[in-house]
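Those letters in the sequence shown? Residues 1 to 356, per our numbering, in order.
C-beta: ideal position from N, C-alpha, C; glycine also.
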Amino acid sequence: MDVASDASLRVLISRWENGRAHPEAVNRLLLQEVFELDAAALGFSEDGDGARADITALVAHTAHRTAPTEAVLSYFERQLTEHTRFDNIAGPNFVLATALAQLGQVEQLAAGGATDVGRLASRYAEFTGWLQQDVGNDAEALRLTCRAVDFAEMAGDGELTTYNRMRKANVLTMAADLPLAASTAQRALTDATERFPHLVPVCLRQSALTSARMRDEHGARSAIERAVDLTTASVNTADAHSSYCTKSYVQMEAALCLLVLRQPAAAEQACREALAAWPDGHVRDRTLCLARRAVALVDLREFDEACRTAMTAIDGVRSAPSGRALHMLRVITTRLRPLGRSTSVRELTEALSEVA
């Protein structure tokens, strides 16, 4: 943090002493603490004008010095729950700025070191990291997700640390930092296996993605097949961290592994099976699954069906924009460009231009 020079501070204090300037609210508070005197003893005005001065900074300073009440924590908990729900329905666009602002507030509250506030800060950091990842800002996603791991460790929450470490591996994988992603994913899977078995499926899914990127077909298939076997069709609302990790979700992630491994037929089948039992409320991920199926269909040269599937995905993007889905749709239109005279390809290109 930048601090004024001694000379500048002397000039400022002299201006206060000579009445040519008046200390702001926060500086008044600091002077009272330094001299151990109240406002009246230091000659600070208490008249009507002073009472109506802008004391926003003073109120904020006081709030951050006071341990947050249960009502404050409950408020931020409810907000995070609503942000998560709305992200699933409408994507990150309407949530990101608000969640980032609230993360800043929660981080200030967590500076006191309270365990429950540190845990809340960790969850906010992980969520905002996820939102940044979904809009394609991998560098900021990694910074926030690493911060989430740090806050969880500070709070002594092993379960949350394990989950956040899995998320860190996911961001590293997308950023192509594969050796570090592999070791991070393995540590998360080991901790989940030993201590938090309900996190094993989501950690296996991440290990599979990293293995696929490293062209380890056996490792990827083994991990993703185990993950599918361990998941259920319905959302597990009792799981505080990975309730989204349903069988359909893992099948969609299996499709990504198979696309990376250049096995489009198996990827298309995985997407079809996932879409057949997709849970309600997860609109954004369903759109992503449709986009992945369309990519697989292009690889299989089933162009008309690929265009129909991609058009359905575009409908989903309109209601729940997702950077990942838009990226896949752009890949599709680029690969179909040589077929531009086809009616279905032309209509798809025009539809995508309306949303991206």
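Quick one: residues in its chain with C-beta nearer than 8 Å to the C-beta of residue i, no 5 flanking neighbours on either side, listed in chain order?
i	result
I224	L204, R205, A208, V250, E253, A254, C257
L348	C307, A310, M311, I314, I332, T333, L336
A270	Q251, M252, A254, A255, L258
A265	A296, L300
R15	A21
So is residue i buried or exposed if we call it buried at 16+ other beta carbons inside 10 Å?
i	result
F94	exposed
D191	buried
G118	buried
V106	buried
H241	buried
N18	exposed
A296	buried
V34	exposed
T161	buried
S74	exposed
S248	buried
DSSP on residue i, reduced to helix/strand/coil?
i	result
V95	coil
E135	A small fix is needed here, since residue 135 is Val in this sequence, not Glu. The answer is coil: DSSP assigns V135 none of H, G, I, E or B.
W130	helix
H22	coil
M214	coil
T190	helix
D229	helix
H282	coil
P264	helix
T81	helix
A313	helix
C245	coil
E159	helix
L204	helix
G219	helix
F196	coil
P358	Past the boundaries of the shown model lies residue 358; the chain is included only from 1 to 356, so the question cannot be answered.
A176	coil
S122	helix
R301	coil
D38	coil
S14	helix
S322	coil
R143	helix
G112	coil
S342	coil
A291	helix
G104	helix
S183	helix
A240	coil
D49	Confidence at D49 is low in this model, with a pLDDT of 49, below 50, so the placement of that residue should be treated as unreliable; the coordinate-derived value is given next. D49 falls in the helix class under three-state DSSP.
A255	helix
R5	Note that residue 5 corresponds to Ser in the displayed sequence, not to Arg. Of the three classes helix, strand and coil, the one that applies to S5 here is coil, per DSSP.
A356	coil
A277	coil
What does a CB cutoff of less than 6 Å around residue i pick up in its chain, not counting 5 residues either side in sequence?
i	result
A141	G129, Q132, Q133, V171
V135	P92, G323
A356	L326
R286	W278
A227	P201, L204, R205, V250
G219	S211
L100	T128
D157	R119
L96	L131
If residue i and residue j are in contact, beta carbons under 8 Å, what's the gap, nearest whole angstrom?
i	j	result
R357	L189	What the structure shows of the chain is the stretch from 1 to 356, and residue 357 is not part of that stretch, so it cannot be assessed.
P201	T173	About 17 Å; that fails the 8 Å criterion.
V260	A212	4 Å
E268	L300	6 Å
V317	I89	Not quite, the Cβ-Cβ distance comes to about 13 Å (not below 8 Å), so this is no contact.
A114	A67	7 Å
Y163	L120	At roughly 14 Å, the Cβ-Cβ gap does not stay under 8 Å, so Y163 and L120 are not in contact.
A274	M328	No, A274 and M328 are not in contact; Cβ-Cβ is about 15 Å, not under 8 Å.
A125	F151	6 Å
Within the same chain, show all residues whose beta-carbon is closer than 7 Å to that of residue i, passing over the 5 residues directly before and after it, in chain order.
i	result
C146	K168
D304	S344
Q373	The chain is shown from 1 up to 356; residue 373 falls before or after that span and cannot be answered.
L103	Y124, A125, T128
L180	L172
A182	T210, M214
A320	I89, A90, G91, V283, R284, T287
R195	G158
Output yes if chain C places a C-beta closer than 8 Å to the C-beta of residue i; else output no.
i	result
A255	Judged by its chain identifiers, the structure shown contains no chain C, having just a single protein chain.
Could you check whether the Cβ of residue i sits closer than 7 Å to any heavy atom belonging to the ligand ADP?
i	result
I89	The ligand ADP is not among the ligands present in this structure, which contains no ligands whatsoever.
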